[in-house]
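One structure below.
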Amino acid sequence: MKDYGIQLTKEEEAQVDDICAKIRERVKKEAITPRQRFEAVYRGETPDRIPIQVCALGLHAASNYGVTPGDLYSKPKVSLLAYLTHLERFGYDTPSAFRFSAGEKEFGMELAHTEQAVPFGIKGVVETANDLGKVKLPNVYKDGTLPWQLWMISVLKEKLGDIMPIHGFTVIPGAVAPVIMPMDKLLLALRKDPVLAHCLGALLMKFVIDYGTALFEAGADMLHIVGIDDQVSYAMHRQFEFPYVCGLLKSLPGPCFIIGAGDWSHVIESYAQAGIHGFYLHSGQPTPLDKINEVADKYNCTVRYGVSSNTLVHGPAEKIREEVKSVIKQGWRGGRFVLTTDTLDINTPAENLDVFMEAAREYGKLPLKY
0 MKDYGIQLTK EEEAQVDDIC AKIRERVKKE AITPRQRFEA VYRGETPDRI PIQVCALGLH
60 AASNYGVTPG DLYSKPKVSL LAYLTHLERF GYDTPSAFRF SAGEKEFGME LAHTEQAVPF
120 GIKGVVETAN DLGKVKLPNV YKDGTLPWQL WMISVLKEKL GDIMPIHGFT VIPGAVAPVI
180 MPMDKLLLAL RKDPVLAHCL GALLMKFVID YGTALFEAGA DMLHIVGIDD QVSYAMHRQF
240 EFPYVCGLLK SLPGPCFIIG AGDWSHVIES YAQAGIHGFY LHSGQPTPLD KINEVADKYN
300 CTVRYGVSSN TLVHGPAEKI REEVKSVIKQ GWRGGRFVLT TDTLDINTPA ENLDVFMEAA
360 REYGKLPLKY
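In numbering that gives the first Met the number 0, the protein residues as written are 0 to 369.
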């Protein structure tokens, strides 16, 4: 394993191995491994059941482990144990180890930290084009918290990679992601200073190619790239984002999924044209599943579609079960579909997630009986 500057003690490694042994015992009870299940649906085939992916990120994994999100974003060993414990506790099909940074701090941005949320940027080093000389490209193997995700991916690959797919996370390239410049100033630059916006997009693309390549080297099978296209028009997406996504996908050694928030109806097909492997959305978004399926079928993309956070927080159990059943019924088309959750709210009751998992296994058995 490559040295990323973090080493587990013998006691910590024994703790990791104990959790992974419990995960393996559960996997042995099923007909095939989660890795085989995912690979089958990616090929458009029918496995034993629909794969299940839970989007725990830092918030719910921290809550389940008894620590704060702030602990997860500042202590990589705690983060690894929290994500593994969450996976073992709820029994889904792939680890949900989220990134520590999208590069904001490493690019010199001032971050706001809270104990109950993901860190976010509030002040960058670039205000105008005159400040571009201040920008230094981070070393993805050494700078800040960037090596932490590489380390965690490498551990997950070693411990579980033979039975489960391992996913990495990074930001979407281009001029729409608030990594070098905060979102309010970035949106203004898109309209008032497009040259500056493209300069930022080019810098970010170089970073994402470097970091994405490093994530694949560390052991990721696939990357989730996170975008915010609900805040820009189709024209802005095509000008400030689409070319960079095309370049990224041609440069990386493995496939990428796009994760979106809000309404993505206007850009879904554009991402498919760029060569994205698939989409990750959920039922709480206004993007209709039939629109997503139409594009996915046209371009042979895989759809990850999830039950909404609101339903998982508030329930009741029967509503969760009905939404799981409805999503599966709409989403399963004989392959290329993964049942997921929205990003779990920190207040999601464990018993509600248990109901989701029970319903996902019951209604997701293939071939479907309803």
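Idealized CB from N, CA, C, for every residue including glycine.
(message) Going by DSSP, what residue range makes up the beta strand (DSSP E) through V337?
(response) 336-340
(request) Identify whether G305 lies in helix, strand or coil by the three-state DSSP scheme. (result) strand
(request) Classify L311 as helix, strand or coil using the three-state DSSP reduction. (result) helix
(request) Would you mind working out which of G123, L56, M108 sits nearest T93, comparing C-alpha positions? (result) L56
(request) Could you check the C-alpha separation between V53 and T340 for me, to the nearest Å? (result) 5 angstroms
(message) Taking DSSP's pairing of strands, which residues face K122 in a bridge?
(response) E109
(request) Between the Cα of K122 and those of A201, I179, I345, spot the shortest distance and give me the residue it belongs to. (result) I179
(request) Would you mind stating whether T32 and I227 have Cβ atoms separated by less than 7 angstroms? (result) Contact flag unset, no.
(request) Note the first and the last residue of the continuous beta strand (DSSP E) segment covering I275. (result) Element bounds for I275: n/a, residue is neither H nor E.
(request) Output the boundary residues of the beta strand (DSSP E) element that contains C255. (result) It spans 255-258 - the beta strand (DSSP E) in which C255 sits, taken as one unbroken run.
(message) With a threshold of 7 angstroms on Cβ separation, who are the neighbours of V77 within its own chain once the five nearest residues in sequence on each side are excluded?
(response) V66, D70, L71
(message) Could you check whether G259 and L280 sit closer than 7 angstroms to each other, using their CB atoms as the reference points?
(response) yes
(request) In the DSSP assignment, find the unbroken alpha helix (DSSP H) run with M221 in it and report its ends. (result) Careful: M221 lies outside any alpha helix (DSSP H), inside the beta strand (DSSP E) at 221-225.
(request) With a threshold of 16 other CB atoms inside 10 Å of the CB of E322, please say whether the residue is buried or exposed. (result) buried
(request) Enumerate, from N- to C-terminal direction, the unbroken alpha helix (DSSP H) stretches of 4 or more residues contained entirely within the stretch 179-221. (result) 182-191, 193-217
(message) Please report the straight-line C-alpha distance between V15 and E216, rounded to a whole angstrom.
(response) 22 angstroms
(message) Less than 7 angstroms between the beta carbons of A101 and A81, yes or no?
(response) no
(request) Would you tell me roughly how many angstroms separate the C-alpha atoms of G274 and E317, rounded to the nearest one? (result) 38 angstroms
(message) Rounded to the nearest angstrom, what separates P315 and N351 at their Cα positions?
(response) The straight-line gap from Cα to Cα measures roughly 8 angstroms.
(message) Taking the alpha carbon of S153 as the reference point, which residue from H166, I224, K141 has its own alpha carbon closest?
(response) H166
(request) Measure from the alpha carbon of P146 to the alpha carbon of each residue in V354, L189, A271, T169, then state which is nearest. (result) Selected option, being the one with the closest Cα: T169.
(message) Per the DSSP calculation, H166 is bridged to which residue(s)?
(response) M221
(request) Could you please give me the residues that DSSP links to Q329 through a beta bridge? (result) Listed as beta-bridge partners of Q329 by DSSP are no residues whatsoever.
(message) Which residue marks the beginning of the alpha helix (DSSP H) containing S250, and which one marks its end?
(response) 241-250
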